[in-house]
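Colleague: Got a structure for you, written out below as structure tokens; questions coming shortly.
In the working numbering, the protein residues as written are 1 to 231.
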């Protein structure tokens with residue numbers, strides 16, 4: 001009996017001495033692998049296999065900005081994968097000194113002073129008091145559907161936009177660095193973004209405004225004016 005107890009104790013001691021050697025992170029876009037590792041495994045015991053497993057199994061997950069949740073997957077005692085499920089944000093508005101990030105349904109999912117790369121600032125929206133995890137109380141009906149459609153098109157063409165402005169009629173003006181692009185209404189939006197994708201390489205390094213609001217899918221000979229801004 002004593003021998004069995006000794007073996008069990010020895011096994012426990014060996015397990016308590018085993019530390020995770022390799023951590024990989026998947027699903028992360030807003031954080032680097034190194035940042036995720038530093039945030040989740042900052043404590044002395046966090047990379048101990050037994051402690052890490054029990055903490056994940058019975059404890060609460062760390063609260064990380066812009067992360068909905070994460071899952072720890074042990075491939076073996078020395079190798080761990082962190083699967084990150086990020087919050088899906090399509091834009092943000094500035095409110096009382098903070099950036100209020102919202103999802104496709106207009107729900108405020110995060111408040112931060114950080115400017116998140118790849119997420120545009122949305123201006124021109126008229127809204128009242130903002131509450132975290134509640135819908136952004138805008139007066140323009142259907143605006144979130146339009147924002148989602150536009151940002152999905154921009155992502156598909158790999159066009160990075162700093163700011164998107166909507167006027168009272170939901171006409172769109174975008175800012176891309178030193179270039180301002182007028183899109184007008186939401187008609188022929190796919191064609192306008194495709195045209196923008198073709199034109200942008202020609203405008204690289206320039207400053208000015210490009211008017212695509214008159215885009216006509218049936219006109220193959222149309223041209224668009226670019227008003228160059230002098231330095």
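For every residue, glycine included, the Cβ atom is placed at its ideal position computed from N, Cα and C. No experiment lies behind these values; they were computed from the predicted model shown.
Thinking C-beta only, is residue 147 closer than 8 Å to residue 130?
Modeller: no
Colleague: Checking the sheet assignment: what are the DSSP bridge partners for residue 48?
Modeller: 19
Colleague: Suppose only complete runs of 3+ residues qualify. What are the beta strand (DSSP E) ranges in the region 125-209, listed by chain order?
Modeller: 163-166, 172-176, 179-184
Colleague: As an exercise, report each continuous beta strand (DSSP E) stretch of at least 3 residues that is fully enclosed by the region 61-123, in chain order.
Modeller: Correct list: 67-76, 79-86, 91-95, 98-102, 108-112, 121-123.
Colleague: Roughly how far, in whole angstroms, is the beta-carbon of residue 36 from the beta-carbon of residue 89, given that I think they are within contact range, below 8 Å?
Modeller: Not really, about 18 Å apart at Cβ, beyond 8 Å.
Colleague: Going by the CB atoms, is the gap between residue 179 and residue 153 shorter than 8 Å?
Modeller: no
Colleague: Give the DSSP-derived three-state secondary structure of residue 55 in the structure shown.
Modeller: Looking at residue 55 - three-state DSSP - the assignment turns out to be helix.
Colleague: Can you check DSSP and say which residues form a bridge with residue 228?
Modeller: 208
Colleague: Measuring alpha carbon to alpha carbon, tell me which of 137, 30, 79, 171 ends up nearest residue 23.
Modeller: Measuring C-alpha to C-alpha distances from residue 23 to each of 137, 30, 79, 171 identifies 79 as the nearest.
Colleague: Which same chain residues, not among the five before or five after residue 77, have their C-beta less than 6 Å away from its C-beta?
Modeller: 18, 49
Colleague: Please go through the same chain and pick out, in chain order, the residues whose beta-carbon is closer than 7 Å to the beta-carbon of residue 190, but skip the five residues on each side of it.
Modeller: Counting only residues of its own chain and dropping the five nearest sequence neighbours on each side, residue 190 has a CB closer than 7 Å to the CB of 153.
Colleague: Residues in its own chain within less than 7 Å of residue 62 by CB, not counting five upstream and five downstream?
Modeller: 39, 40
Colleague: Sorted by chain position, which residues of the same chain lie with C-beta nearer than 7 Å to residue 143's C-beta, five sequence neighbours on each side aside?
Modeller: 125, 166, 170
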